[in-house]
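In my numbering, the protein residues as written are 286 to 720.
Here is the structure we will look at.
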């Protein structure tokens with residue numbers, strides 16, 4: 286899925302004021318759900334399209350560079366085709382759980398979710414597993430159960446393949462080799478996942494011991510698992526195979542769409558009803574990323590040209606700055622922003638796949654820092670990664686108490702994730718690094 290020649294375009298320097306639509310888009314995503322949720326739910330498509338149109342008009346009529354926007358449009362279609370098809374197919378698989386999970390069973394479940402996220406994406410894995418997670422812990426579920434699910438399944442787990450998390454797939458679209466992430470990031474993935482599961486086990490074990498005896502007695506019974514919708518595994522295989530199809534242009538996306546349509550009609554209605562499946566989450570993602578993809582063009586081009594002025598001269602800085610902004614805004618555009626900066630530092634262009642592969646070959650530690658920062662820190666807040674809000678919403682509809690925005694940040698993300706990220710940064714990006 287490399288950029289086809291039809292969409293190739295050179296980088297024209299935009300006016301720095303054209304970064305404003307991108308900043309407004311990210312601020313709207315971050316703040317509007319808390320300022321006026323009802324208004325935002327009704328009007329966010331208009332905001333996304335309106336801000337995107339500003340950048341599009343500027344590039345087409347003022348910079349006379351429509352090819353740049355066609356290039357981005359193709360990337361957007363590829364991105365939504367993958368995310369949307371995996372979302373639909375995952376919605377056709379229902380996991381029914383009866384019985385109560387012991388702490389070690391919960392840990393195994395989270396580890397399976399972390400691995401699965403790399404095959405069906407963090408969004409697909411989150412939508413598939415959050416309801417079984419709630420059911421298997423229904424008699425003693427607390428806020429930290431939801432939080433650690435977001436940490437592991439919705440974010441950190443998806444660090445091994447471009448399919449796993451949106452930032453990595455955007456990198457793949459730009460030219461990062463598919464298996465590069467697995468080869469370079471698996472050690473950090475293992476440390477982060479095992480570390481988070483170990484912390485979770487300590488908290489869940491204490492929660493289990495504090496539970497009433499009748500609840501603990503329930504947990505000694507055998508858990509019963511039943512999975513419906515196995516035929517959707519075929520459609521997942523089709524989608525994964527389609528990722529590697531490069532020619533002709535559009536065939537990859539067409540195969541993904543065909544798999545989604547096939548899954549929809551092949552899945553019994555009762556399975557969709559059991560999953561409470563609807564298209565609202567993916568529709569929201571699709572509209573928001575119209576605005577993100579369009580508005581970020583000017584920001585990426587400007588940062589690529591002026592990268593040398595930003596003072597980013599070490600992998601450690603790339604890791605922490607990418608991470609902090611990923612948690613505060615959204616990790617997908619943040620990843621591309623700092624990838625553009627890294628490319629610019631070495632006089633390379635983000636719009637040239639050959640240049641991207643050159644960065645991978647000669648300065649891969651910078652890309653490792655950007656990749657880990659974007660994926661891991663996406664768990665820092667509800668707005669860091671798309672599935673986070675979806676999991677929170679589903680949990681609340683199921684009657685599970687979830688922490689608010691600042692409680693999530695102050696009670697869980699900062700005291701748990703930041704120390705772990707310090708360890709990761711020392712092991713991988715400091716002068717004393719081991720890997």
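Virtual Cβ for every residue (Gly too), placed ideally from N, Cα, C.
Please read all numbers here as calculations on a predicted model, not as lab measurements.
Which listed residue (the options) has its alpha carbon closest to that of residue i
{"i": "residue 417", "options": "438, 397, 403, 379", "result": "379"}
{"i": "residue 701", "options": "362, 664, 672", "result": "664"}
{"i": "residue 396", "options": "308, 477, 341", "result": "477"}
{"i": "residue 372", "options": "650, 412, 361", "result": "412"}
{"i": "residue 608", "options": "662, 454, 566", "result": "662"}
{"i": "residue 606", "options": "323, 658, 720", "result": "658"}
{"i": "residue 611", "options": "646, 357, 441, 554", "result": "441"}
{"i": "residue 621", "options": "488, 341, 357", "result": "357"}
{"i": "residue 459", "options": "646, 639, 706", "result": "639"}
{"i": "residue 423", "options": "446, 305, 391", "result": "391"}
{"i": "residue 512", "options": "414, 587, 450", "result": "414"}
{"i": "residue 567", "options": "347, 310, 349, 366", "result": "366"}
Collapsed DSSP secondary structure at residue i in the structure displayed
{"i": "residue 668", "result": "coil"}
{"i": "residue 513", "result": "strand"}
{"i": "residue 380", "result": "strand"}
{"i": "residue 533", "result": "coil"}
{"i": "residue 423", "result": "coil"}
{"i": "residue 387", "result": "coil"}
{"i": "residue 589", "result": "helix"}
{"i": "residue 497", "result": "coil"}
{"i": "residue 438", "result": "coil"}
{"i": "residue 570", "result": "helix"}
{"i": "residue 683", "result": "coil"}
{"i": "residue 720", "result": "coil"}
{"i": "residue 464", "result": "coil"}
{"i": "residue 597", "result": "coil"}
{"i": "residue 444", "result": "coil"}
{"i": "residue 505", "result": "Any reading at residue 505 needs caution, since the residue's pLDDT is 49, under 50, leaving its predicted position unreliable; the model's value is listed next. Of the three classes helix, strand and coil, the one that applies to residue 505 here is coil, per DSSP."}
{"i": "residue 359", "result": "helix"}
{"i": "residue 290", "result": "At residue 290, the pLDDT of 36 sits below 50, so the modelled position is not reliable; the number obtained from the coordinates is stated separately. In the structure shown, residue 290 sits in a helix (DSSP, three-state: H, G or I)."}
{"i": "residue 615", "result": "coil"}
{"i": "residue 656", "result": "helix"}
{"i": "residue 240", "result": "Examination of residue 240 is not possible in this model, given that the chain is present from 286 through 720 alone."}
{"i": "residue 403", "result": "helix"}
{"i": "residue 450", "result": "coil"}
{"i": "residue 607", "result": "helix"}
{"i": "residue 408", "result": "helix"}
Same chain, Cβ closer than 6 Å to residue i, five either side skipped, listed in chain order
{"i": "residue 674", "result": "667"}
{"i": "residue 436", "result": "481, 664"}
{"i": "residue 572", "result": "330, 333"}
{"i": "residue 230", "result": "The chain is shown from 286 up to 720; residue 230 falls before or after that span and cannot be answered."}
{"i": "residue 259", "result": "Nothing about residue 259 can be read from this structure; the chain reaches only from 286 to 720."}
{"i": "residue 544", "result": "370, 520, 523, 524"}
{"i": "residue 421", "result": "382, 386"}
{"i": "residue 625", "result": "585, 588, 589, 635"}
9 Å Cβ cutoff met for residue i and residue j
{"i": "residue 603", "j": "residue 690", "result": "no"}
{"i": "residue 531", "j": "residue 656", "result": "no"}
{"i": "residue 585", "j": "residue 461", "result": "no"}
{"i": "residue 660", "j": "residue 351", "result": "no"}
{"i": "residue 597", "j": "residue 562", "result": "no"}
{"i": "residue 629", "j": "residue 591", "result": "yes"}
{"i": "residue 454", "j": "residue 364", "result": "yes"}
{"i": "residue 671", "j": "residue 570", "result": "yes"}
{"i": "residue 431", "j": "residue 687", "result": "yes"}
{"i": "residue 583", "j": "residue 303", "result": "yes"}
{"i": "residue 311", "j": "residue 615", "result": "yes"}
{"i": "residue 707", "j": "residue 337", "result": "no"}
Closer than 8 Å: residue i CB and nearest the ligand MG heavy atom
{"i": "residue 428", "result": "The ligand content of the structure shown is nil, which means the ligand MG is not present either."}
Residue i to residue j span [Cα, whole Å]
{"i": "residue 399", "j": "residue 444", "result": "9 Å"}
{"i": "residue 339", "j": "residue 492", "result": "52 Å"}
{"i": "residue 551", "j": "residue 329", "result": "32 Å"}
{"i": "residue 428", "j": "residue 677", "result": "10 Å"}
{"i": "residue 712", "j": "residue 601", "result": "11 Å"}
{"i": "residue 524", "j": "residue 549", "result": "14 Å"}
{"i": "residue 374", "j": "residue 593", "result": "44 Å"}
{"i": "residue 717", "j": "residue 710", "result": "10 Å"}
{"i": "residue 636", "j": "residue 308", "result": "21 Å"}
{"i": "residue 497", "j": "residue 386", "result": "15 Å"}
{"i": "residue 344", "j": "residue 353", "result": "8 Å"}
{"i": "residue 595", "j": "residue 619", "result": "15 Å"}
{"i": "residue 466", "j": "residue 599", "result": "20 Å"}
{"i": "residue 433", "j": "residue 314", "result": "23 Å"}
{"i": "residue 536", "j": "residue 449", "result": "21 Å"}
Contact set for residue i: own chain, Cβ-Cβ below 8 Å, skip 5 residues either direction
{"i": "residue 526", "result": "540"}
7 Å Cβ shell around residue i - same chain, five flanking residues per side excluded
{"i": "residue 757", "result": "There is simply no residue 757 to check, as the chain begins at 286 and stops at 720 in what is shown."}
{"i": "residue 401", "result": "410"}
{"i": "residue 279", "result": "The structure shown does not extend to residue 279, since the chain spans only 286 to 720, so no value can be given for it."}
{"i": "residue 318", "result": "325"}
{"i": "residue 559", "result": "379"}
{"i": "residue 542", "result": "366, 370"}
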